[in-house]
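Numbering (our numbering), first residue to last: 73 to 571.
Glycine residues also receive a C-beta, built at the ideal position from the N, C-alpha and C atoms.
Fair warning: this is a prediction, and the values are worked out from it, not measured in the lab.
To start, the structure itself, in structure tokens.
The following block contains the structure:
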């Protein structure tokens with residue numbers, strides 16, 4: 073950060089996240105929220121959530137709640153917003169129509185905007201003429217009705233929109249925090265719509281009015297909005313409002329450079345939660361898609377809050393690296409203290425275990441199991457496939473072919489005898505001696521007594537007791553399952569092999 077950067081960038085900045093409630097926020101969208109929140113919090117500012125729902129046809133019921141849930145799952149809290157209130161509300165655009173009408177009247181009085189009564193057919197004709205004459209597209213000077221007449225026609229109920237009177241000459245220069253000054257020739261711009269025929273504002277108008285009213289000092293958004301920057305700059309100037317600082321970030325691209333789609337990872341935030349990602353790992357990953365600090369890859373939340381700066385965003389397009397996200401998630405899982413991991417595991421298992429398993433699950437059982445798998449999983453959803461046998465009383469006996477591999481191929485009766493004897497020997501262990509060390513000793517001695525390598529016996533014991541070829545450490549698992557259930561499963565497997 074250099075001393076000559078605008079004070080509003082670091083002096084209690086106010087940033088906002090203004091999604092449209094038309095669906096669940098995906099990673100590219102939520103990244104802007106994360107960046108804005110981090111920058112605001114680093115410099116003692118405020119982070120505001122505002123819902124831009126002026127496109128009523130596309131608004132989805134419940135989308136606002138999913139937006140809030142997504143942010144809170146990531147640990148992003150806001151100072152002002154629809155559900156927490158604040159001094160600049162309402163924070164939902166459809167509840168601010170009176171504000172927009174008041175503001176548009178200011179521009180109508182100053183003749184900086186005009187009412188347009190053109191029919192859709194008339195506008196289509198203009199566009200076709202532009203195409204044939206190879207004129208830059210856009211509605212300009214489609215009609216210029218005397219302001220008094222226009223107000224009379226509007227008052228009588230005649231359908232109209234309100235358009236901005238864009239200058240026909242000159243250049244509009246707008247500054248971007250990341251790109252510097254960007255110039256736009258005014259003759260290439262159209263008379264863009266500010267108020268639609270249904271009385272609702274367009275995005276262009278509402279966001280300018282709201283950003284001023286809510287004292288937003290820094291706006292971060294995707295580079296696809298650069299083409300709209302001159303419109304917004306002209307609107308701020310028409311009102312005589314100070315422009316906020318804009319930062320247009322490069323988009324996240326798919327591997328290979330194409331557009332990021334759902335198959336590449338453009339899922340909603342809550343889908344990542346469902347898929348077993350930790351919020352801190354996704355937060356870390358989103359920050360790294362366009363920002364970095366020296367050669368550091370893994371950041372704690374506190375480090376991000378103390379280091380992140382919007383001015384250090386890179387313009388190079390970030391690639392959505394799914395493998396890196398998974399690696400980060402596994403690293404975060406392994407870094408959790410035992411109590412935190414056990415708590416996260418309990419919450420995950422209560423989602424993933426079969427419905428006939430009683431809830432809440434036994435906390436002490438989870439605490440016993442957690443250390444056995446913390447180093448073995450990459451996603452929290454990996455856990456269920458490793459540990460369900462601890463809760464499922466009737467673990468299905470695996471198919472015979474799962475037992476009869478390698479050493480045991482075509483030796484079913486011998487495998488059955490080995491398992492049956494293992495059951496007998498484990499059953500003979502006293503309750504006071506039932507622990508991992510004693511279980512290991514008994515099984516290894518059993519293997520030696522029948523001329524087997526330990527691994528040859530333990531492989532079929534594992535399959536019998538857990539129903540899996542890969543499981544948490546066997547001796548600890550047998551100890552936790554308990555003598556009765558372990559013996560029962562060994563005997564069931566032996567009977568299956570003798571069938």
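Across the structure, residue 463 and residue 566 are spaced so that their CA atoms are roughly 22 Å apart. In the displayed model, residue 99 falls within a helix according to three-state DSSP. Take the alpha-carbon of residue 295 and the one of residue 459: they are about 46 Å apart.
According to the DSSP assignment, residue 357 belongs to the alpha helix (DSSP H) that extends over 351-360.
In this structure, residue 326 places its C-beta atom within 8 Å of the C-beta atom of residue 392. Taking the C-beta atoms as reference points, residue 281 is found no nearer than 8 Å to residue 316. Here residue 273 carries a strand assignment [DSSP, helix/strand/coil].
Contact between residue 278 and residue 172 holds, since their C-beta atoms are separated by about 6 Å, short of 8 Å. Distance from residue 358 to residue 106 at the Cβ level is roughly 5 Å; contact confirmed, criterion being Cβ atoms closer than 8 Å.
Look at the region 376-411 and you find these whole runs of alpha helix (DSSP H), each 4 residues long or longer: 394-407. Look at the beta carbons and you see the region 415-422 not touching the region 518-528: under three pairs across the two are nearer than 8 Å. When C-beta atoms of the region 177-189 are compared with those of the region 231-245, three or more pairs fall below 8 Å, so the two segments count as touching. Comparing alpha carbon positions, the residue from 386, 568, 442 and 532 closest to residue 552 is 442. Our two residues, residue 168 and residue 303, have alpha carbons roughly 21 Å apart in a direct line. By the C-beta density criterion, residue 301 is buried, having at least 16 other C-beta atoms within 10 angstroms.
Contact annotation: residue 248 and residue 320 have beta-carbon atoms nearer than 8 Å. Below 8 Å, enough C-beta pairs join the region 112-126 and the region 148-159 to call them touching: three or more. Of the residues assessed, residue 147 falls on the exposed side of the cut-off, its CB having fewer than 16 other CB atoms within 10 angstroms.
Residue 227 and residue 221 have their C-alpha atoms roughly 10 Å apart.
When C-alpha distances from residue 180 are compared across 340, 205, 311 and 202, the shortest belongs to 311. Contact annotation, residue 378 with residue 137: C-beta distance approximately 31 Å; criterion of less than 8 Å not satisfied.
For residue 371, there is no enclosing alpha helix (DSSP H), as DSSP gives it neither H nor E. Rounded to the nearest angstrom, the Cβ distance from residue 94 to residue 275 is 12 Å, too far for a contact under 8 Å. Counting C-beta pairs closer than 8 Å gives fewer than three between the region 374-388 and the region 401-411, which falls short of the contact rule. If you draw a 10 Å sphere on the C-beta of residue 372, you find fewer than 16 other C-beta atoms in it, and that means exposed.
Runs of the alpha helix (DSSP H) lying entirely within the region 275-300, each at least 4 residues long, are 275-285 in chain order.
The bridge partners DSSP lists for residue 248 are 252 and 318.
Its chain contains 240 and 241 as the residues whose beta carbon lies nearer than 7 Å to that of residue 259, once the 5 sequence neighbours on both sides are disregarded; these appear in chain order.
Contact between the region 473-491 and the region 526-545 is present, with at least three C-beta pairs closer than 8 Å. For residue 356, the closest alpha carbon among the candidates 139, 202, 370 and 564 is that of 370. Listed in chain order, the non-local C-beta contacts of residue 298 below 6 Å within the same chain comprise 320, local neighbours out to five positions each way being set aside.
Per DSSP, reduced to three states, the secondary structure at residue 460 is helical. Judged by DSSP secondary structure, residue 196 falls within the alpha helix (DSSP H) whose first and last residues are 192-204. Listed in chain order, the non-local C-beta contacts of residue 506 below 6 Å within the same chain comprise 555, local neighbours out to five positions each way being set aside. Runs of the alpha helix (DSSP H) lying entirely within the region 491-544, each at least 4 residues long, are 508-521 and 526-538 in chain order. Between residue 351 and residue 109, the gap from beta carbon to beta carbon reaches 8 Å or more.
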